[in-house]
Amino acid sequence: MPIPDSGRIRPYLATRGRTRPVQDIAIEALVSTTDAGRNHGIDPEPERDRILRLCHAPRSVAEIASLVSTPLGVARVLVADLEAEGLTRVADPHAAFHGSVEPARDLSVLERVRDGLRRL
18 MPIPDSGRIR PYLATRGRTR PVQDIAIEAL VSTTDAGRNH GIDPEPERDR ILRLCHAPRS
78 VAEIASLVST PLGVARVLVA DLEAEGLTRV ADPHAAFHGS VEPARDLSVL ERVRDGLRRL
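Here it is in structure tokens:
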């Protein structure tokens, strides 16, 4: 017999009941897997493992939530945990507007965030 609302239980388990990340991460922040994350092997938590594999190329937190099919809050908690463990790197989303990224790249990032939000 299926457990009622079992779709809500998995995200709760993935974050160990936490609803807030250990550090504030904007939904447009770009996440990339570090060398340590690439060499980490298979993570026992499927959501964390999927994030590590998806972020070999930078992705926004919103995009990650959409691709992993998890609530945005859960994605923020997991990304913050992975960064605290040195497995991912989170780029300051506002640095792009201070001249550190080419304008053409800025537009592609915004388009990816938009597309990720549409998929939510």
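Residues in the sequence shown are numbered consecutively from 18, following the working numbering. The beta-carbon is built from N, C-alpha and C at its ideal position, and this holds for glycine as well. For clarity, every value in this text was computed on a predicted model and none was experimentally measured.
Problem set entry | Inter-residue Cα distance where the pair is L127 and A82 | 16 angstroms
Exercise. What residues in its chain sit with their C-beta under 7 angstroms from that of R136, if we drop five residues either side in the sequence?
Worked result: S83
Exercise. Which one of R106, D109, A92, E102 has the shortest CA to CA distance from G133?
Worked result: A92
For this session: Since I believe V85 is in contact with V48 (beta carbons under 8 angstroms), could you give me their beta-carbon distance rounded to a whole number of angstroms?
Result: Their Cβ separation, rounded to whole angstroms, is 11 angstroms, which puts V48 and V85 out of contact at 8 angstroms.
Exercise. Mind checking L55: buried by the 16 CB within 10 Å criterion, or exposed?
Worked result: For the sequence presented, residue 55 should be read as Arg rather than Leu. R55 should be labelled exposed.
Exercise. Does DSSP put S167 in a helix, in a strand, or in coil?
Worked result: Shown here, the chain extends from 18 to 137; a query on residue 167 therefore has no answer.
Problem set entry | Close Cβ partners of L99 (< 6 angstroms) along its chain, the five nearest in sequence each way excluded | T105
Exercise. Looking at V107 and A46, is the spacing between their C-beta atoms short of 8 angstroms?
Worked result: yes
Problem set entry | Segment limits, beta strand (DSSP E) that includes A97 | Here A97 belongs to no beta strand (DSSP E); instead the alpha helix (DSSP H) covers 89 to 101.
Exercise. Mind checking A101: buried by the 16 CB within 10 Å criterion, or exposed?
Worked result: exposed
For this session: Along the beta strand (DSSP E) that carries L47, what are the first and last residues, could you check?
Result: 47 to 50
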